[in-house]
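Residues -22 to -1, 1 to 174 (mature numbering (1 follows the signal peptide of the UniProt record, and there is no 0)) make up the sequence shown, in order. A quick write-up on the structure given underneath.
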Amino acid sequence: MMPLSLCLMVMMVVIVAPPAATQVIFGGRCPVQNVVQNFNAAGYLGKWYEIEKYFTIFEVGGRCITATYYDLGTMIGVLNQQTSVFGNKVTSIQGQAQFVNPASREAKLSVTFGNSIFGMLSAGNNGNYWVLDTDYFNYAIVWACQDITFANAQFLWILMRQQKPDPQLLYYVKTVIRQRGLDVSRLQVTDQTNCF
């Protein structure tokens, strides 16, 4: 069980932290990034395991993190799940994703989770879920960035179809991330062991 003082501290951070404080902060404006063109939403559906990510406040204490995407007709359903390291309780949140510009079919999506901490990153006009690269069968690189005064706040996720991916595939994905000018040293490994 989590000590009361730690629980209160985590709750205060969650309540008072501005959106930018919940992500990794970098100097300057958001870097220009290309996304997947002619995005195959149907091929992207299904379960993905979070392998590594930039720090995110809403995943503190989470392990066995997954994202499952499903067809909602004109939108994509989103089910995010994680197991708490404090008691092994599985929690989940559901949302919806839609293309920022459906006619373009580029992988810039706007994901909403209603009134939750997951909705803290504003989707704005450019979306808050960009698929930078994917082969649909093995890996996906997902990124979001928000400009703030004299800096930018970024999310970055490495998602895989396998809970324990091939190390060579992970090396390849990190190489792609590096080539895009993103900082792989800030990635944190997501614990995917002893999952239900």
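C-beta: ideal position from N, C-alpha, C; glycine also. Given the structure is predicted, the values throughout are model-derived calculations rather than measurements.
Check the Cα spacing between alanine 81 and each of Asp144, Asn16, Leu165, Gln11: the tightest is with Asn16. Pro143 is the residue among Gly159, Pro143, Leu165, Thr153 whose C-alpha sits nearest the C-alpha of threonine 171.
According to the DSSP assignment, threonine 127 belongs to no beta strand (DSSP E), since it is labelled neither H nor E. Per DSSP, isoleucine 71 is one residue of the beta strand (DSSP E) stretching across 68 to 77. Here cysteine 173 has Cys42 as same chain residues with Cβ atoms under 6 Å from its own Cβ, once five neighbours each way along the sequence are excluded.
Burial check for asparagine 106: the Cβ neighbour count within 10 Å reaches 16 or more, so the residue is buried.
In the structure shown, glutamate 84 adopts coil according to DSSP, grouped into three states. Of the candidates Tyr47, Thr61, Phe64, Gly5, Tyr47 places its Cα closest to the Cα of leucine 137. No Cβ-Cβ contact shorter than 8 Å links valine 10 with glutamine 132.
DSSP places leucine 165 in no alpha helix (DSSP H); its state is neither H nor E. Note that the C-beta distance between glutamine 140 and lysine 31 is not below 8 Å. Glycine 55 places its beta carbon less than 8 Å from that of glutamine 72. Here arginine 164 is not near leucine 110, since their CB atoms are 8 Å or more apart.
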